Amino acid sequence: MGRPSHIHERFTVGYRERTTTAGGMAPKESWKPAVDLKVFGWGPPSPDDVIRSEKTGTKHELDVYCRSSPTKHRDKLVVNGVEWLVQGEPDDYRFGPFGFDAGVRVRLSRVEG
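Mapping of the sequence shown onto the UniProt record's numbering: position 40 corresponds to residue 40, and the numbering continues sequentially without gaps.
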């Protein structure tokens, strides 16, 4: 089984790995500088959600599709210049019955307001 030859990771996003250091009651988060990660593409899985009863914020979600992904929960991806927070581990679709390994989906989110 292999990938059809016409499927390429045509796009590049920035990958920022999360690091933590001890700091008081909770670990202090920081992220390494972005490095290039090749991806097939991305798209919203659903419409944006308005959050808070005052409707002062919006939660955005985005799915990124790639051959494989080094991401872990709370890493960041930079897509078109916008930073997104990785939610959970990548969903792995590489073991399907269709004669090719479809790759992985990385779920992202960000909140405004």
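Every residue gets a Cβ at the ideal spot worked out from N, C-alpha and C, and that includes glycine. Keep in mind the model is a prediction, meaning the values are calculated, not measured.
Checklist entry - According to DSSP, is Y93 helix, strand or coil? => result Residue state, collapsed to three classes: coil.
Checklist entry - What is the rounded straight-line gap between the Cα of L77 and the Cα of P97? => result For L77 and P97, the distance between alpha carbons rounds to 30 Å.
Checklist entry - How should P90 be labelled, buried or exposed, when 16 other C-beta atoms within 10 angstroms of its C-beta is the threshold for buried? => result With 16 or more other Cβ atoms inside 10 Å of its own Cβ, P90 counts as buried.
Checklist entry - Can you tell me whether Y93 is buried or exposed, with buried defined as 16 or more other CB within 10 angstroms of its CB? => result With fewer than 16 other Cβ atoms from the protein chains shown falling within 10 Å of its own Cβ, Y93 counts as exposed.
Next on the checklist: With distance defined between alpha-carbon atoms, name the residue in S109, L85, G113 nearest to Y15.
Outcome noted: It is L85.
Checklist entry - S69 by DSSP, collapsed to three states: which one? => result S69: coil per DSSP, three-state reduction.
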